[in-house]
Structure formats: structure tokens, C-alpha cells
Amino acid sequence: MTSQQATQEVLRPPQPPGLIKWIRDNLFNSWFNSLLTVIFLPIVFFAVVNIIIWAFTVADWRAVTQFPMLYAVGQYPRDEVWRVGIGLSAIVFLLGASWGNWGGLLQSISIAFGIAFAVFAILPVQHDQLDLNMRLYLGGNVILLLLGYLIGRMKAVKGGHIVIGWGIVPFLAVFLLTGRRGSELLPDVATTLWGGLLVTFLLSAGGILLSFPIGVALALGRRSTLPVVKAFSTIFIETIRGVPLITILFMFSIILALFLPAESRIDRLVRALMAVTFFSAAYSAENVRGGLQAVPLGQIEAAKAVGMNGLQTMVFIVLPQAIRAVLPAIVGQFIALFKDTTLVVIVGINDLLGIGRSIINSDPEFVQLQLEVYLFIAIVYWIFSYLMSLASRRLEAALGVSTKL
Amino acid sequence: MTSETTNEPIIICQDVHKWFDDFHALCGISMVVQPQEVIVIFGPSGSGKSTFIRTLNRLEEHQRGQIIVDGIELSHDVRNIERVRMETGMVFQQFNLFPHLSVLQNITLAPIWVRKWSRDKAEEVAMQLLERVGIPEQALKFPGQLSGGQQQRVAIARALAMQPKIMLFDEPTSALDPEMIKEVLDVMVELAQSGMTMLVVTHEMGFARAVADRMYFFDEGLIVESGTPDDIFHNPQEDRTKLFLSQILQH
Ligand SMILES: Nc1ncnc2c1ncn2[C@@H]1O[C@H](COP(=O)(O)OP(=O)(O)OP(=O)(O)O)[C@@H](O)[C@H]1O
Ligand SMILES: [Mg+2]
């Protein structure tokens, strides 16, 4: 209660300046910048106008609009797609509840998602892949988001409940998506059929959630006084950082399969997830290590002096300050990981980019439409990367990364 | 084991030595402190005052001699170290507040996780302590938003929240602007009068005169002279003490 009030005081964003002031401050604040503005503004203007004209008259978006489900979930059986839908809706609902409970940054994210759902629900495409049910589902998610918001605002709902919800969702989603062999309601769906945004999100979210704690552990391991732990962490980090991600993906998808007996084969998607996770963990570890070095010794002494043990000192004092100090680098690493997941195409996994390529290759007619497909995919990646970067900047401001410490 | 009776010393140091690599920082310190005593330690820079006071809660490890705090001998036994740290509070020259936590969280963190108090109880005690050090209205702010004097008073409250039997102060006012020194000293005087056992490294001779029971003059890792404030100020025996006092009392 009380601490929340305190953070709110710090959280208040600065007032955005007026438009005129912005133009003067950013475009005409010196004679040189004014000159640049006068030269480049028309160029940018014509480029944008031409792109818009191209996008709405010349461009042929069939290869994008005809296959919304392919881009979304790949070959996931259409009869079972409701399982993906429930997983997504659970996330949307929790997002709404988090927005209601904590507000701030989550509000912007929620609104972005809400608008995205609303836009897709009324998207002017006729193809029967986006039928009425689908549109109702998308619209329903907007309502679910708002419902979550109202529930999150209720007094009885505490932050702890929502955190527990977020803890359950990944397991629920994996359980729903994989199903069970022989089950009537939830027959198993082989991961070879999963694809599109679904796979991109699973790999990115899974990679981020798993790699971060592993990275923290490695960073601590590298500073450990136990020689074995220190050596293992150092070798792990330096080996992975010395090798391109593609190599690691190949290693996990081919070599791991060779070494393990056929019965205990690890699923292909899981192997890719492991590769992405370990790769990102090595880089996160180095980021966190930099943060650990930034924590003054006096902090550790103060924690010891009040009787905290090593673990408590690490969890409550050192790590929060270390992570806060290097938050921009860590989020940068997450964004890199999100984009790096496109490499899984190489080991035969159809993520968003992979689906795009297979659509292009499926029909000679579509080969002419490559530009549109790649542009669409680039925009999708850009939107999510930008959202992450925006979120990071808001988070930095809220935590006072640059001002405090 | 623990001493509740007043006649038993609460701190016993016997021939304590400390080396930093080859440098002999403490060359045999012996000191006995009774409960409720207020000890002032002073001496030139580099004389080992901080090193000594930090051996008492094992922020520095001594390599020879014996230190017994509240009946617990400091050794490599981690459990003993943790018990001693629960009985001693420390206030640092640079405050060392946790910058990512609010004032209230700074104070309640250890009681909740080390003493295992409920959050409600910890917050109640924290608010009483903030009242005592005179800044209850700052509870929800962050350390970076407070003045130096306010930060040091929060640091005192944070140490007191663990309900220690002994308070250690290492030059608590040296990093403060002159106008803030008094507000911190006032809190310390009140604490001394309330019967807290205190060891204070300081050059605030007014404070020493007002509340110290005994004073120790350190130089080059040794206790050169000790005595009541009266002895030290009016009848110092050693030339080094006289010289040092004449230097700091000029200001
Ligand atoms: N961690 C360390 N490593 C090496 N030498 C140290 C260390 N800490 C202290 N010393 C040395 O030990 C000696 C005593 O230091 P200490 O900090 O105890 O002095 P002090 O009396 O507190 O001085 P000041 O008034 O400047 O705080 C000094 O010569 C110092 O350089
Ligand atoms: Mg010192």
C-alpha cells in the first residue's frame, strides 16, 4: 500500500511539450539544423508519399491477406486452433488485470494490444480464412482486456494474485498447445505443425524468461569463489559468445540428436529453444556482471551489518541495483533475441519469417510478391521491437536508472 | 551465554591484530566495554579506528587475539557472526542507504527477513523510529530525495530497527554539511541518554564531552591513551594526544 504510493510519486511522467515548441526545439534549433530540415523534409515527405501511394495502388498484398492463419499459427490444425486462442486470451486477460492493478507502462501496452485486436477484427479482407467467428474472437479479446482491467482494479484483487496468474499461464499454454496422445478433447499436436507468430512468440518469450535467470546465475557463477563454478561459468559464457547463433542452433538440432538415444529425443522446437536460451543467457550474464560491478561495496557492508545473509543480500540489495544499472543493455539483448529467432528457419522451423518464405515458394505467382511479404514481416518485427524498446525506456524512467544511484 | 546482568562486559577485545597483506593496521588492541557505556574513539587518519570498529561486527576479520561480543566469540563460525550482527547496529560515514528502496523499506527489510517480523509490526516499529529521529514525514521517499542529515538519521533508524544491544558509529557526521551535523548529533545524544551501548568514531569533541563515558586515542594501530573525557581534555598524559587535541580543537 504505502510503497505503492511512493512509487507513484516517482512514476509521474513529464508533461509533453506543445507541438510548436517541439518543432522549434527539434527541427529549427540552430541555423545548421534548420538548413538540414529544409533540405531533408521535402525528401522525406516525397519518399513517404510515394511509399503510401505504392502500398495502396501498386502493391499486391494477396500473399499477405490470403493467409492470416498461416502467419499466425502455421500448420497448427485448424480444428484445434481454439487452443491457441484460449492461451492468447488468458494472456490478454492477465494483461488487462495487470493494467488495472499497476497501471503505468502496462496501460500503454494494453492499449496497443487492444487497438491491434480491434483493427484485425474489422480488417477489410474477404477471404474466408478470417471468418465471422475469427472476427468475433478478436473483438472478444478487446472486451476480455477491458474486463481484466475492471477486475484488476477491484480492491480484493492483489498484485500477488496476478503474479500467480502469470506464473501459471506458461504451463497452461504449453499444456494446451501440445495436448495429450489419445485424448479426446486435447489430442496431441506435433510441434512440426506449429509455426508463424506463434512460434516466434514462444521462442522469444521462452528464451527471454529462461535465459534471464540462467544469465544471472552464470554472472554470479563467474564471480564465485568456488573454482569449479567459476571455471564452468567462464568457459560456458566465453564459448557461447565466441560462436555464431547459427552454429549453436545446428549443434543443438543435429549433434544433440546424434548423441541422445532415439527414444529420448528432445523435441525439435525445444532444442531450438535451448539453443536460443543458452545463446542469450551468455550475453545476459555479461550484462549482469557489468551491473554487479557497479554496486558499491558499502551496499553489501550495510546489508551484512543489519544481519542479512549472503542470499538475502544478493536478492534484495545487490541484484536489484545491478539489474537496474544495466537495464537498457538487458532489454537490448531481449530485442536482439527476438529478432535472432528468425534464424531457426535454418533448422527447419517455420517461424513468422519461415512461413513468409514458404508462402512465397508455394506459388510461382507469389514469387513476384516477395517485397510485400517481407515488408509485412519487417513491420511486424519492427512493431514488437519498438514496443519493447519503448517499454524499456518507460521502465528506466520509472526506476530512475539515469537519475538515482 | 548472553549477558543480561549489568556487571558483565558486553564487549571484550583482547590483543586484537589485523593485517592488510603486509600492512599491520591493528597492533594489539584491548578494550572492555560495559553495557550502556558510550565510548568515543578518535585519532589521526589511518590510525585504524574504522578497521577496529569494523572488526566488532566482522566486516573486517581479525587475525590474532580475541573478540567477544555479548558473550559470543567472533570466529570463522558463520552462525556466530550472524548472531553478533543481529546484536550490533552500524552507522557508516557514507550512510550506505539502499537507493532502490524507500525509507520505510530500508528500515523494515532486515526486521522482516532477519528477525522474521510481520510486515505490519516492522512498519509500526519503523514509523516509531522515524518519529524518534524526527522525520516521520519522509517515510515514503527514496534516499536520493533526502538531505545528508536526513539520510544519516534514516540510517540510524535502520540500524535501530533490528533492536541491537550495541550501536557502532564510524564518523557518522564527517560527510555532512555543518548545518546538518547537529541534527544527527542530537539523535545520537538522545540515544546515548536512553542507555544504548555505543562505540563512536568521531572528532566531534562536543559530543564526546557531553555523553562519552570513556575516550580512546588511537595512533598507528595502537591505543595510545584512554580515559574519561575529563582526563583526556584536561589532563592528557601522552604528547601525541596533546598534539592531536591541540590540532583538532583549534577549529
Ligand atoms: N581494505 C584495505 N586494504 C588495505 N589497507 C587498508 C584497507 N582498509 C584500511 N587499510 C589501511 O589500514 C590503515 C587504517 O585504516 P582505517 O580506515 O582503519 O583508518 P582510520 O583511522 O579509520 O582513518 P580515517 O580517519 O581516515 O577514516 C590505513 O593505513 C589504511 O590505508
Ligand atoms: Mg575511518
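Protein chains in written order, with our numbering: chain A, 1 to 405; chain B, 406 to 656.
C-beta atoms are modelled at their ideal positions from N, C-alpha and C, and glycine is treated no differently.
Classified as buried, valine 199(A) has 16 or more neighbouring CB atoms from the shown chains inside 10 Å of its CB. Within the chosen limit of 8 angstroms, ligand 2 reaches the beta carbon of glutamine 498(B) through at least one heavy atom. The beta carbon of proline 320(A) sits closer than 9 angstroms to some beta carbon of chain B. In this structure, DSSP gives methionine 620(B) an extended state, which the three-state scheme calls strand.
Annotation: the continuous alpha helix (DSSP H) that includes glutamine 655(B) extends over 644-655.
Lysine 21(A) sits in a helix when the DSSP states are folded into three classes.
In this structure, the beta-carbon distance from asparagine 462(B) to arginine 490(B) falls below 9 angstroms.
Listed in chain order, the positions of the stretch 499-523 of chain B with a beta carbon within less than 7 angstroms of a beta carbon of chain A are Gln499, Asn501, Phe503, Pro504, His505, Ser507, Leu509, Gln510, Leu514, Ala515, Trp518, Val519.
Chain order gives no chain B residues near phenylalanine 338(A), where near means a beta carbon separation below 8 angstroms; the closest approach is about 27 angstroms. About 17 angstroms separates the beta carbons of valine 606(B) and isoleucine 472(B), which is beyond the 8 angstroms limit, so they are not a contact pair. Glutamate 442(B) sits close to threonine 602(B), with the two beta carbons spaced by under 9 angstroms. Between proline 641(B) and the set Ala566(B), Leu627(B), Asp426(B), Phe622(B), the nearest pair of CA atoms involves Phe622(B). Relative to the Cα of leucine 172(A), the nearest Cα in the group Met388(A), Ile86(A), Leu352(A) belongs to Ile86(A). The way I'd put it, the stretch 164-184 of chain A doesn't touch the stretch 144-155 of chain A; fewer than three beta-carbon pairs between them come closer than 8 angstroms.
Exclusion of alanine 580(B) from the 8 angstroms shell around ligand 1 follows from its C-beta lying no nearer than that to any non-hydrogen atom of the ligand. Residues of the stretch 305-319 of chain A whose Cβ lies closer than 8 angstroms to any Cβ of chain B, in chain order: Ala305, Val306, Gly307, Met308, Asn309, Gln312, Phe316, Ile317. Taking the Cβ of aspartate 575(B) as the reference point, at least one heavy atom of ligand 1 falls within a distance shorter than 8 angstroms. Pairing glycine 74(A) with glycine 148(A) gives a Cβ-Cβ distance that is not under 9 angstroms. Taking a cut-off of 8 angstroms on C-beta distances, the stretch 232-252 of chain A does not touch the stretch 378-394 of chain A, as fewer than three cross pairs fall below it. Using a cutoff of 8 angstroms, the CB of lysine 521(B) does not count as near ligand 2, since none of the ligand's heavy atoms is closer than that. For phenylalanine 497(B), the chain A residues whose C-beta falls within less than 9 angstroms of its own C-beta are Gly298, Glu301, Ala302, Ala305, listed in chain order. Within 8 angstroms of the C-beta of lysine 454(B) there is at least one heavy atom belonging to ligand 2. Straight across, the Cα-Cα distance linking leucine 123(A) with leucine 88(A) is about 19 angstroms. For valine 445(B), the CB stays at least 8 angstroms from every heavy atom of ligand 2. The beta carbon of valine 605(B) sits no closer than 8 angstroms to any heavy atom of ligand 2. Sequence-ordered contacts of the stretch 436-470 of chain B with chain A read Arg459, Asn462, Arg463, Leu464 [C-beta pairs closer than 9 angstroms].
Scanning Met567(B), Gln568(B), Glu413(B), Cys432(B) for the CA closest to the CA of aspartate 475(B) turns up Glu413(B). Listed along chain A, the residues sitting closer than 8 angstroms to glutamate 487(B) by beta-carbon distance are Gly307, Asn309.
For serine 631(B), the secondary structure class from DSSP, reduced to helix, strand or coil, is strand. Judged by DSSP in its simplified three-state form, proline 187(A) adopts strand. Using a cutoff of 8 angstroms, the CB of aspartate 618(B) does not count as near ligand 1, since none of the ligand's heavy atoms is closer than that.
Listed in chain order, the alpha helix (DSSP H) runs fully inside the stretch 71-156 of chain A are 81-102, 105-121, 132-153, counting runs of at least 4 residues. Sequence-distant Cβ neighbours of serine 385(A) in its own chain, meaning closer than 8 angstroms and more than five residues away, are Ile335, Phe338, Lys339. Under a criterion of Cβ atoms nearer than 7 angstroms, the residues of chain B adjacent to arginine 324(A) are, in order, His505. Here proline 440(B) is buried. Its C-beta has 16 or more other C-beta atoms within 10 Å. In the structure shown, the three-state DSSP call for isoleucine 248(A) is helix.
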